[in-house]
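**Student:** My structure is below; once you've seen it, I'll send some questions.
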Amino acid sequence: METKIRTALISVFDKTGIVEFAHALTQWDVTIISTGGTARLLRDNGIAAKDVSDITGFPEMLDGRVKTLHPRIHGGILAIRHNQTHQQEVNKHQLTLIDMVVVNLYPFQQTAIKPAVTPEEIIENIDIGGPTMIRAAAKNFRDVAVVVDPTDYEMLIKQMQSMRGGLSLETRFMLARKAFAHTASYDAAIADFFENRFSTDDQQLHIASEPIMPRRCTVTLRKRQDLRYGENPHQQAALYEFAGDAPGVAQAEQLQGKELSFNNLLDLDAAWNLVSEFDEPACVIIKHTNPCGAATAHSLLQAYQQANATDPVSAFGGILAFNRTVDGETARELSKVFVEAVIAPDFDEAARQLLAAKKNVRIMRMHNHAARAGYDCKKITGGLLLQSRDADPLRQEDWKVATKRQPTHEELSALQFAWKVCKHVKSNAIVFARPGQLVGVGAGQMSRIDSVKIAAMKARLPLAGTVVASDAFFPFRDGVDEIAQHGATAVIQPGGSVRDQEVIAAADEHGLAMVLTGMRHFRH
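Structure, rendered in C-alpha cells:
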C-alpha cells in the first residue's frame with residue numbers, strides 16, 4: 010500500500026543532509042513544516058518552510074521546551090486516513106494531515122560523556138517533543154513515514170522518485186521499527202544516567218565522577234554486524250554495540266581480511282586492553298585471550314621482535330596489537346609468520362601495501378583509544394553480573410617492599426612491566442618477565458604452584474634473572490620456592506594471605522626481593 014507524501018514536518022538537531030533531502034521533497038510539491046533552527050536553515054537555502062507556530066497558533070515558548078506539543082500537530086500525525094470518524098474530526102478542527110515526520114533528537118548520549126558536563130546541560134539535552142512526534146508517527150506507520158536516521162535520506166529519495174512521491178508500506182514499517190528502537194535507546198540512556206550518575210545533596214544535583222551500581226539497569230544494544238561464526242563454526246554470532254557508549258574495539262574499522270568471528274573479537278579486545286597499558290612503543294600477542302608475547306621497546310619493530318621471541322610457537326596464528334601506527338618495517342617482519350589479525354591506531358601506506366599481500370589477515374584500525382570508564386559485564390544463567398572496570402592506575406607509591414632485600418632499579422622496571430601484563434592473564438596467573446619483555450606465562454590454573462610450573466615450562470627464553478608477577482597472593486610458600494628454583498630474583502604480588510609471613514620468609518631465604526601491591530587482579 011503506497012502513501013503519497015504531501016506534507017512533511019522537519020525538526021532535526023543533526024542537520025546532516027537535511028537541506029538536500031528537503032530540496033528533493035519540494036520536487037514532489039511536498040509542503041514543509043519546520044521549527045526554529047531547522048526552519049531558518051531551510052529558508053537560508055531557498056526552501057519554503059512553514060513555522061510550526063503557523064499551524065498551532067502558539068509561538069515556541071519556554072526557551073524552546075514547547076514547540077510541537079499541540080493537538081494540531083499530533084492530530085495531524087495520528088489521524089487514521091481510512092477511519093471515517095477520524096476524518097470527520099480532522100475536518101471539524103481543520104487539522105493539517107502530516108504524512109512524513111523527519112526528526113532526530115537532542116544529543117543526550119554525546120552530552121552525557123563530556124568530561125565536565127553539568128546537571129543543567131544534561132537536563133536541557135533531554136528531548137521531549139522529538140520522541141513524542143517520533144512515537145506518534147511510528148504508531149501510525151500505515152499512513153505516516155517517520156525518519157530518524159540521516160543515512161536513510163538517499164534511499165527514501167530514490168524510492169519516492171520511482172513511486173512518484175510515494176513510499177511503500179514495507180518502507181514505512183521499516184522506518185517505524187527503526188524509530189521505536191531509536192526512542193527506546195534514547196530513553197534507556199537517560200534512565201541509565203539518572204540511575205547511575207545523578208545524586209542529590211541539600212536539594213542540589215551532583216554528577217558522580219564514577220558510576221555507581223544501579224538499582225536497575227537498562228541495556229540497549231544495536232547490531233553492528235554479523236560474524237563469521239561463534240566460538241565454534243556451528244554457532245551463529247553477531248556483534249552488538251552499546252548505544253551511546255564510548256568507542257572501543259566494537260567500533261574498530263576493518264581495513265582488510267576475512268570476516269570476523271566471535272573469538273577474533275574476544276582476542277582483539279584482550280590484545281587492545283593490554284597494549285593500551287603502555288606508554289612506550291608496545292606489541293602484544295594474544296592466543297585465547299591470554300598474552301603469549303608482550304614487549305615494549307624504543308621502536309615498534311623491536312617491540313614486535315621481542316614479543317614474538319617470548320613464545321614463537323604459541324604466537325603462530327595469534328592476534329597482534331600495537332599502540333603506535335604500524336610502519337612498513339614492522340609490517341614486513343610480522344608478514345613472515347601466520348597471524349589471524351592485527352589491531353593498531355593506524356597503519357602507514359607502506360604497511361598497508363605489505364599487508365595487502367596477506368589478504369586473509371584481518372587488519373583493524375582503532376580510531377579512538379582513550380581509556381574507558383563504565384562497567385564490565387558477564388552473563389550468567391538468569392542474570393547479568395556488572396562490575397566497574399579494573400582500570401585503577403598503577404601507583405608505585407602504594408607498593409610495599411616486604412623482604413629484607415630491596416629490588417634493584419632494573420628489577421623494579423621489570424616488576425612494573427610484569428604487573429601490567431599479569432593483570433590481563435586468566436587467573437590463577439603467573440608471569441616471568443624482564444624489563445620490557447614477557448618471558449613465561451602460566452594462565453588459568455586451579456592452583457598457583459601449577460601456574461608457576463607452567464610459566465617456567467612454557468618459557469623459551471632464559472629464566473635466570475627474571476622477575477615474577479602473581480595476580481593474587483601466594484597461599485603457601487611452595488610457589489616462591491618454585492620461582493627461586495628457576496632463577497628469578499624478585500616477585501610482585503598483592504599480599505593478604507594468612508601465610509604472608511611464611512611466604513615473605515621464603516623469599517628472604519632465597520634472597521628474593523618481594524613487593525606487595527595491596528591490589529588483586531583476578532580475571533575470570
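In terms of the working numbering, the sequence shown opens at residue 10 and continues consecutively. Beta carbons: idealized from backbone N, C-alpha and C, even for Gly.
Flag Val476 as yes if its beta-carbon sits less than 8 Å from any beta-carbon of chain B, otherwise no.
**Tutor:** You won't find chain B in this structure, because it holds only one protein chain.
**Student:** Ala48: which of Glu419, Val28, Gln405 and Phe325 sits nearest, CA to CA?
**Tutor:** Closest option to Ala48, Cα to Cα, is Val28.
**Student:** From the DSSP output, read off the bridge partner residues of Pro300.
**Tutor:** Answer is Ile295.
**Student:** Ser460 by DSSP, collapsed to three states: which one?
**Tutor:** Helix.
**Student:** Threshold first: 3 residues or longer. Then list the beta strand (DSSP E) segments lying entirely within the region 13-67, N to C.
**Tutor:** Runs of the beta strand (DSSP E) inside the region 13-67: 16-21 and 40-43.
**Student:** Report yes if the CB atom of Gly445 is closer than 8 Å to the CB atom of Thr305, and no otherwise.
**Tutor:** Yes, these two residues count as a Cβ contact at 8 Å.
**Student:** According to DSSP, is Asp385 helix, strand or coil?
**Tutor:** Of the three classes helix, strand and coil, the one that applies to Asp385 here is strand, per DSSP.
**Student:** Runs of 3 residues minimum, wholly inside the region 130-161: which ones carry the beta strand (DSSP E) assignment?
**Tutor:** DSSP runs (the beta strand (DSSP E)) wholly in the region 130-161: 154-156.
**Student:** In chain order, what residues of the same chain lie with their CB nearer than 6 Å to the CB of Ser460, ignoring the 5 residues before and after it?
**Tutor:** Excluding residues within five positions, the ones whose Cβ falls inside 6 Å are Asn437, Ile439, Gly451 and Gln454.
**Student:** Relative to the alpha-carbon of Arg398, which residue among Leu264, Arg371 and His433 has its alpha-carbon at the smallest distance?
**Tutor:** Taking only the C-alpha atoms, the option nearest Arg398 is His433.
**Student:** Contact check, Arg231 vs Glu250 under 8 Å by CB: the rounded distance?
**Tutor:** About 6 Å separates the two Cβ atoms, so the contact holds.
**Student:** Measuring alpha carbon to alpha carbon, tell me which of Leu184, Arg486 and Val448 ends up nearest Val477.
**Tutor:** Checked all of Leu184, Arg486 and Val448; the closest Cα to Val477 is Val448.
**Student:** Using 8 Å as the threshold, is the C-beta distance between Leu363 and Gln265 below it?
**Tutor:** Against a cut-off of 8 Å, the Cβ pair of Gln265 and Leu363 comes out as no contact.
**Student:** List the whole-angstrom C-beta distance separating Asn373 from Val351, where the pair is believed to meet the contact cut-off of C-beta under 8 Å.
**Tutor:** Strictly speaking, residue 373 in this sequence is Met, with Asn absent from that position. Between Val351 and Met373 the Cβ distance is about 7 Å, and since that is below 8 Å, they are a contact.
**Student:** Starting from Val500, follow the beta strand (DSSP E) in both directions and report where the run begins and ends.
**Tutor:** From DSSP, the beta strand (DSSP E) with Val500 extends over Ala499 to Gln502.
**Student:** Are the CB atoms of Trp281 and Met169 nearer to each other than 8 Å?
**Tutor:** Their beta carbons are not under 8 Å apart, which means Trp281 does not touch Met169 by this criterion.
**Student:** Quick check on DSSP: helix, strand or coil for Asn113?
**Tutor:** Three-state DSSP puts Asn113 in a strand.
**Student:** Can you round the beta-carbon distance between Pro538 and Thr192 to whole angstroms, since I take them to be within the 8 Å contact cut?
**Tutor:** Beyond the ends of the chain as shown, which are 10 and 533, falls residue 538; an answer cannot be given.
**Student:** With a cut-off of 8 Å, do at least 3 Cβ pairs link the region 118-136 to the region 57-69?
**Tutor:** Output reads no: the region 57-69 does not touch the region 118-136.
**Student:** Any chance the CB of His533 is under 7 Å from a heavy atom of the ligand FAD?
**Tutor:** Although the ligand FAD was asked about, the structure shown includes no ligands whatsoever.
**Student:** With a Cβ-Cβ cutoff of 8 Å, do Ile86 and Val61 count as a contact?
**Tutor:** No, the Cβ-Cβ distance between Ile86 and Val61 is not below 8 Å.
**Student:** Using the Cβ count rule (16 or more neighbours within 10 Å means buried), how would you classify Thr44?
**Tutor:** Thr44 is buried by the Cβ-count criterion.
**Student:** Three Cβ pairs or more, each shorter than 8 Å: is that satisfied between the region 145-160 and the region 94-114?
**Tutor:** With a cut-off of 8 Å, the region 94-114 and the region 145-160 count as touching, because enough Cβ pairs lie within range.
**Student:** Out of Leu309, Gly327, Glu286 and Asp278, which has the shortest C-alpha to C-alpha gap to Lys301?
**Tutor:** This sequence places Cys at residue 301; Lys is not what is there. Among Leu309, Gly327, Glu286 and Asp278, the Cα nearest to that of Cys301 is on Gly327.
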